[in-house]
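Below: one structure, written as structure tokens.
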Amino acid sequence: MIRFLTAGESHGKALTAIIEGFPANLKVDNDIINFHLKRRQAGYGRGMRMKIESDSAEILSGIRFRKTLGSPISLLIKNNDWENWTDKMSPDKKYRVERISIPRPGHADLVGISKFNFDDIRNSIERSSARETAARVAAGTIARIFLEEFGISIGSYVESIGGIFSKENFTEKLFANKLPEKFQGWDLSEKADRSEVRALNKSQEETIINKIKLAKKKGDTLGGTFITVATGVPVGLGSFMHYDRKLDAEIAHAVMSINAVKAVSIGAGFESAEKFGSESHDEIIIKGGKLLRKTNRAGGIEGGISTGLPIIVRAAMKPIATLMSPIETVDLKKMKSVLARRERSDFVAVPACAVISESMLAWSLAKFFLLKFGGDSIEETKDNYKSYTGKLNQRIRKNFRN
Ligand code: EPS
5 MIRFLTAGES HGKALTAIIE GFPANLKVDN DIINFHLKRR QAGYGRGMRM KIESDSAEIL
65 SGIRFRKTLG SPISLLIKNN DWENWTDKMS PDKKYRVERI SIPRPGHADL VGISKFNFDD
125 IRNSIERSSA RETAARVAAG TIARIFLEEF GISIGSYVES IGGIFSKENF TEKLFANKLP
185 EKFQGWDLSE KADRSEVRAL NKSQEETIIN KIKLAKKKGD TLGGTFITVA TGVPVGLGSF
245 MHYDRKLDAE IAHAVMSINA VKAVSIGAGF ESAEKFGSES HDEIIIKGGK LLRKTNRAGG
305 IEGGISTGLP IIVRAAMKPI ATLMSPIETV DLKKMKSVLA RRERSDFVAV PACAVISESM
365 LAWSLAKFFL LKFGGDSIEE TKDNYKSYTG KLNQRIRKNF RN
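Everything in the sequence shown is counted per our numbering, starting at 5 for the first residue and increasing by one.
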């Protein structure tokens with residue numbers, strides 16, 4: 005079972021990730037990790053911090069001559085901003101700075117000090133910051149590199165920001181299973197990355213940017229929805245046998261864990277709750293001897309198991325909690341109503357959130373892929389994969405012949 009652990013505070017010295025469980029001999033090129041780290045930093049509406057940081061990962065262990073050793077992989081991503089925070093975030097000095105006592109509504113500030121018995125909201129802010137997702141993208145990229153060995157491709161796009169959706173509804177195409185024959189998940193990201201808000205459509209991009217400008221002018225923030233897609237996933241990842249083996253549950257957990265994400269659905273999700281069963285399920289057909297589905301409203305998962313069709317995940321990110329025109333809260337020092345603290349932050353981070361979601365989806369898929377196929381070396385995993393996928397159709401036929 006693969007696992008990873010990240011460490012690091014937003015304005016501490018660095019972020020680190022320890023990644024364990026990938027088979028030996030997987031080719032890993034650090035430039036690919038850095039490529040995705042850069043993608044995570046982009047997007048119209050980010051704050052000043054992204055001008056300070058230029059994320060790149062240093063590999064500390066687990067990889068030799070660009071190949072995994074099977075040992076824990078550890079990565080380090082420096083925080084450039086640390087230089088400006090050495091006093092405020094020092095691990096050893098006794099130095100005390102002014103304590104923060106005004107929690108921002110919607111942030112982890114108040115729950116954090118309540119739970120951990122902190123006397124300074126800064127202690128809540130640091131680890132709850134979405135800065136940590138840089139380490140997740142690095143870890144998730146190893147999973148993505150692994151999945152690519154098996155033709156699994158992952159991409160994403162922003163569906164809406166501040167309620168601005170595209171007139172052309174691309175999710176309808178995904179659910180209708182009407183995609184070009186050679187369509188790959190990454191095709192979506194390739195297109196979305198050309199847009200500052202990661203939209204697939206130019207006119208939508210313009211309207212979104214105008215809405216973000218309005219939010220900035222008002223000292224406000226915005227959230228949005230995004231779609232993450234994986235193609236090439238074989239039939240049979242996940243299981244209905246146990247609650248914690250269901251692939252949809254695993255993915256929902258992974259994507260929901262991204263900071264500020266408040267909703268996750270698979271396939272037509274909430275929409276299907278309003279429809280008849282006959283309009284919701286994917287009819288099974290036989291074409292050229294192959295069992296296929298006419299549509300993909302299930303988003304590539306039935307009974308917690310992958311169907312072989314693209315996995316389609318939709319998620320919603322709430323607006324960033326730090327507001328330049330703040331809303332009401334309480335100063336814990338004076339126990340009096342005040343307006344929340346202003347603090348440097350982003351106005352919109354939905355484009356980055358979609359990139360992070362690619363990594364989280366990659367992680368979940370790699371976890372369930374290795375649970376099914378195992379292997380201590382990539383060669384062994386490939387043998388196991390080929391043996392299963394190669395015999396799948398033949399087995400179904402044989403089992404039902406009589
Ligand atoms: C964040 C606040 C901002 C964001 C940060 C998440 O940072 P700062 O307080 O330093 O201005 O830019 O995101 C990142 C640093 C990042 O790498 O994504 C927050 O409060 O969650």
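Beta carbons are placed, not taken as given, at the ideal position from N, Cα and C, and that holds for glycine.
Sub-8 Å separation of residue i and residue j beta-carbons
i: Gly49; j: Val342; result: no
i: Gly223; j: Met328; result: yes
i: Arg44; j: Ala138; result: yes
i: Ala344; j: Gly308; result: no
i: Val162; j: Ala196; result: yes
i: Ile125; j: Pro109; result: no
i: Ile262; j: Val317; result: no
i: Glu362; j: Ile81; result: no
i: Glu13; j: Glu185; result: no
i: Leu251; j: Leu241; result: yes
i: Met5; j: Leu365; result: no
i: Trp367; j: Ala258; result: yes
i: Ala358; j: Arg198; result: no
Start-to-end residues for the beta strand (DSSP E) that takes in residue i
i: Lys294; result: 294-297
i: Lys291; result: 288-291
i: Glu136; result: Glu136 -> no beta strand (DSSP E), and no H or E assigned at all.
i: Gly281; result: Not the beta strand (DSSP E): Gly281 falls in the alpha helix (DSSP H), residues 281-284.
i: Glu332; result: 332-335
i: Ile231; result: 228-235
Among the options, nearest to residue i - alpha-carbon criterion
i: Phe122; options: Arg7, Leu336, Gly223; result: Leu336
i: Glu275; options: Ala264, Arg301, Arg297; result: Arg301
i: Val239; options: Leu369, Lys55, Lys177; result: Leu369
i: Ala319; options: Tyr392, Val233, Met328, Glu287; result: Val233
i: Gly166; options: Phe187, Gly155, Ile213; result: Ile213
i: Lys182; options: Trp367, Ser349, Phe69, Pro314; result: Pro314
i: Leu64; options: Phe372, Leu79, Pro95; result: Leu79
i: Thr10; options: Tyr389, Asp35, Ile168, Ser133; result: Ser133
i: Ser282; options: Tyr392, Phe372, Ile290, Thr299; result: Thr299
i: Ile146; options: Gly25, Lys217, Ile255, Cys357; result: Gly25
i: Arg70; options: Thr225, Ile104, Ile270, Ile149; result: Ile149
i: Arg100; options: Phe404, Asn403, Asp91, His285; result: Asp91
i: Ala219; options: Ala325, Leu204, Asp387; result: Ala325
i: Lys266; options: Ile81, His111, Gly312; result: His111
i: Gly16; options: Asp96, Ile36, Gly66, Arg68; result: Asp96
i: Gly51; options: Phe404, Ser349, Leu374; result: Ser349
i: Asn83; options: Leu19, Gly379, Gly273; result: Leu19
i: Ala61; options: Ala21, Glu153, Lys177; result: Ala21
i: Ile255; options: Leu192, Asn34, Leu114, Gly304; result: Gly304
i: Arg53; options: Ile77, Glu87, His40; result: Glu87
i: Val237; options: Phe377, Asn403, Ile156; result: Ile156
Residue i, buried or exposed, once every other Cβ within 10 Å from all chains shown has been counted against 16
i: Glu209; result: buried
i: Lys294; result: exposed
i: Lys279; result: exposed
i: Cys215; result: Strictly speaking, residue 215 in this sequence is Lys, with Cys absent from that position. Its Cβ being crowded by 16 or more others within 10 Å, Lys215 is buried.
i: Gly292; result: exposed
i: Asp248; result: exposed
i: Glu287; result: exposed
i: His246; result: exposed
i: Gln188; result: buried
i: Ile270; result: buried
i: Met93; result: buried
Coarse secondary structure for residue i, derived from DSSP in three states
i: Tyr48; result: coil
i: Met93; result: coil
i: Arg249; result: helix
i: Ser78; result: strand
i: Val317; result: strand
i: Lys340; result: strand
i: Leu9; result: strand
i: Gly159; result: strand
i: Ile106; result: coil
i: Glu347; result: coil
i: Ala219; result: helix
i: Ser261; result: coil
i: Leu241; result: coil
i: Ser60; result: coil
i: Arg68; result: strand
i: Ser128; result: helix
Residue range of the alpha helix (DSSP H) that includes residue i
i: Ser361; result: 354-377
i: Ala21; result: Segment 18-24 is the beta strand (DSSP E) holding Ala21; no alpha helix (DSSP H) there.
i: Asp113; result: 113-120
i: Asp387; result: 382-404
i: Leu178; result: 174-180
i: Phe274; result: 273-276
i: Ala196; result: 189-196
i: Asn205; result: Where Asn205 is concerned, there is no enclosing alpha helix (DSSP H), given that its DSSP letter is neither H nor E.
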